[in-house]
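First up is the structure itself, then whatever we jot down about it.
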Amino acid sequence: TASVPMLAIRNIQVVYGGAIEAVRDVSLEVPSGRIVALLGSNGAGKSTVLKAVSAVLDAEDGKIEKGSILLQGRPIEQASAHGIVGLGLVQVPEGRRLFATLTVEENLVVGAHLQDRRNLAEARDYVFGLFPRLVDKRHQIAGYLSGGEQQMVAIGRALMSRPRLLALDEPSLGLAPLVVSEIFEAIQTLRDRSGLTILLVEQNASRALAIADYAYIMENGRVVLDGTPEALGRNADVREFYLGLS
Ligand code: ATP
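When you read off a place in the sequence shown, starting at 1, and then add 5, the result is the number in the working numbering.
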């Protein structure tokens with residue numbers, strides 16, 4: 006139903022190594038069909054929130070100590086990483102993590118492990134429609150693509166399992182402005198044409214606010230501000246510290 010958000014994070018606390026409190030009492034909501042941005046500087050705790058949501062904290066000795074995470078109203082904080090993907094929440098991690106020795110198309114197929122063959126061809130065509138410049142490169146080795154093309158493959162691979170909620174960790178990282186524009190346009194297209202729900206973690210606040218419906222700003226493990234891009238854009242601190250405006 007419309008009133009249940011796609012994702013609701015309620016008062017989570019995440020600790021690494023039993024001691025380092027990386028996320029403190031963070032709550033946020035991602036309504037269905039919207040782009041919600043999670044902003045903040047290096048080390049603010051954004052990636053940790055995404056890792057908590059995707060259940061990949063174990064590998065780093067991280068743990069959700071308190072709080073709950075609800076996907077369409079259903080608690081998922083006890084679910085496995087694999088189970089969460091099965092429920093439709095897929096993350097594109099920072100640094101993209103492609104299979105560097107596989108081709109573009111092989112990377113996409115790996116992302117489609119839950120799909121049957123017919124759905125697979127359909128999902129692949131959908132990705133090539135979203136990122137036309139991957140079509141000519143479909144048989145190229147992913148490791149030799151440009152950074153922007155690799156990000157497109159990483160997003161495409163995530164889309165192959167037809168998620169309900171796509172979580173993106175710093176998709177603009179290290180990319181030239183033109184290719185960032187291309188990727189952010191694709192993110193908007195995913196919302197506008199397919200109704201996909203998107204949680205967008207970004208350090209590039211101006212880019213993220215340009216496409217988001219709502220945003221949260223983290224500092225030192227906490228959410229310190231939230232609002233619509235319009236409201237945040239009027240805030241003097243946001244303008245100075247996150248948008249570089251005076
Ligand atoms: P970045 O943009 O650099 O990824 P971030 O806002 O995503 O920054 P996190 O990576 O979530 O921030 O880090 C939040 C805090 O948790 C930081 O103080 C960081 O040093 C700490 N931290 C992150 N990962 C670990 C880990 N595996 N072990 C211990 N501390 C960690």
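Just so you know, even glycine gets a beta-carbon here, dropped at the ideal spot from N, CA and C.
Query raised in the report: For ligand 1, is there a heavy atom less than 6 Å away from the beta-carbon of Gly232?
Result: For the purposes of this step, residue 232 is taken as residue 227 along the sequence shown, with counting starting at 1. Checking every heavy atom of ligand 1 against the Cβ of Gly232, none is found closer than 6 Å.
Query raised in the report: Fully enclosed by the segment 139 to 170, which alpha helix (DSSP H) runs are 4 residues long or longer?
Result: 152 to 164
**Report entry** Pro137, buried or exposed, once every other Cβ within 10 Å from all chains shown has been counted against 16
**Finding:** Locating residue 137 in the sequence shown gives position 132, counting from the first residue. Pro137 should be labelled exposed.
Query raised in the report: Are there 16 or more other CB atoms within 10 angstroms of the CB of Glu207, so buried, or fewer, so exposed?
Result: For the purposes of this step, residue 207 is taken as the residue at position 202 of the sequence shown. Glu207 is buried by the Cβ-count criterion.
Query raised in the report: Opposite Glu175 in the DSSP bridges: which residues?
Result: For the purposes of this step, residue 175 is identified with residue 170 of the sequence shown, where counting begins at 1. Glu175 is not bridged to any residue.
Query - Thr202: first and last residue of the uninterrupted beta strand (DSSP E) it sits in - result: Along the sequence shown, read from residue 1 onward, the residue named residue 202 stands at position 197. From DSSP, the beta strand (DSSP E) with Thr202 extends over Thr202 to Glu207.
Report task. Answer with buried or exposed for Ala60, where buried requires no fewer than 16 other C-beta atoms within 10 angstroms of its C-beta. Result -> Locating residue 60 in the sequence shown gives position 55, counting from the first residue. Its Cβ being crowded by 16 or more others within 10 Å, Ala60 is buried.
**Report entry** Bridge partners - Ile40, DSSP secondary structure assignment
**Finding:** As a first step, residue 40 must be located in the sequence shown, where it is residue number 35. Within the DSSP secondary-structure output, Ile40 pairs in a beta bridge with Ile203.
Report task. Put Thr53 into one of helix, strand or coil per three-state DSSP. Result -> Taking the first residue of the sequence shown as 1, we reach residue 53 at position 48. Helix, per DSSP.
Query raised in the report: For Gln83, does the count of other Cβ atoms within 10 angstroms reach 16, so buried, or fall short, so exposed?
Result: Walking along the sequence shown from the start, residue 83 turns up at place 78. By the 10 Å Cβ count, Gln83 comes out exposed.
Report task. Grab the span of the beta strand (DSSP E) containing Gly232 for me, first residue to last. Result -> Within the sequence shown, residue 232 is the residue found at index 227, counting from 1. Note, Gly232: beta strand (DSSP E), Arg227 to Gly232.
Requested in this report: Return yes when the Cβ of Val58 is within less than 7 Å of the Cβ of Leu40, no when it is not.
Outcome: One-based indexing of the sequence shown puts residue 40 at position 35. One-based indexing of the sequence shown puts residue 58 at position 53. Here residue 40 is Ile; the residue named in the question, Leu, does not match the sequence. Cβ distance not < 7 Å, so Ile40 and Val58 don't count as in contact.
**Report entry** Member of Lys51, Ala126, Arg169 and Met157 whose CA lies at the smallest distance from the CA of Leu76
**Finding:** Along the sequence shown, read from residue 1 onward, the residue named residue 76 stands at position 71. Looking at the Cα atoms, Arg169 is the closest of the given residues.
Query raised in the report: Taking three-plus beta-carbon pairs below 8 Å as touching, is the segment 137 to 155 in contact with the segment 14 to 22?
Result: No: fewer than three Cβ pairs fall under 8 Å.
Query raised in the report: Would a C-beta distance cut-off of 7 Å place Val109 and Ala159 closer than the cut-off?
Result: Looking up residue 109 in the sequence shown gives position 104. Looking up residue 159 in the sequence shown gives position 154. No, the Cβ-Cβ distance between Val109 and Ala159 is not below 7 Å.
Report task. Return the chain-ordered list of same chain residues with a C-beta closer than 7 Å to the C-beta of Pro98, the five sequence neighbours on each side being excluded. Result -> By one-based count along the sequence shown, residue 98 stands at place 93. The answer, listed in chain order, is Asp174.
Report task. Could you tell me how far apart the beta carbons of Ile188 and Gly153 are, in whole angstroms, since I believe they sit closer than 8 Å? Result -> Numbered from its first residue, the sequence shown carries residue 188 at position 183. Numbered from its first residue, the sequence shown carries residue 153 at position 148. Sure, about 7 Å apart at Cβ, within 8 Å.
Requested in this report: Answer yes or no: the CB of Ser52 versus the heavy atoms of ligand 1, is any distance below 6 Å?
Outcome: Along the sequence shown, read from residue 1 onward, the residue named residue 52 stands at position 47. For ligand 1, at least one heavy atom lies less than 6 Å from the Cβ of Ser52.
Query raised in the report: At a cut-off of 6 Å, is Asn47 close to ligand 1 when judged by its beta-carbon and the heavy atoms of the ligand?
Result: Taking the sequence shown and counting its residues from 1, the one referred to as residue 47 is at position 42. Because some heavy atom of ligand 1 lies under 6 Å away, the Cβ of Asn47 counts as near it: yes.
Query raised in the report: Who are the Cβ neighbours of Val243 in its own chain at under 8 Å, not counting the five residues just before and after it?
Result: Along the sequence shown, one-based indexing puts residue 243 at 238. Around Val243: Ala210, Ile222, Leu230 and Leu237.
Query raised in the report: Quick one: what does DSSP say Ile180 is sitting in, helix, strand or coil?
Result: As a first step, residue 180 must be located in the sequence shown, where it is residue number 175. One point to set straight first is that residue 180 is Leu, not Ile, in the sequence displayed. Of the three classes helix, strand and coil, the one that applies to Leu180 here is coil, per DSSP.
Query raised in the report: Between the C-alpha atoms of Gly179 and Ala24, what's the straight-line distance to the nearest angstrom?
Result: Position 174 of the sequence shown, counting from 1, holds the residue named residue 179. Position 19 of the sequence shown, counting from 1, holds the residue named residue 24. Straight-line Cα distance between these residues: approximately 31 Å.
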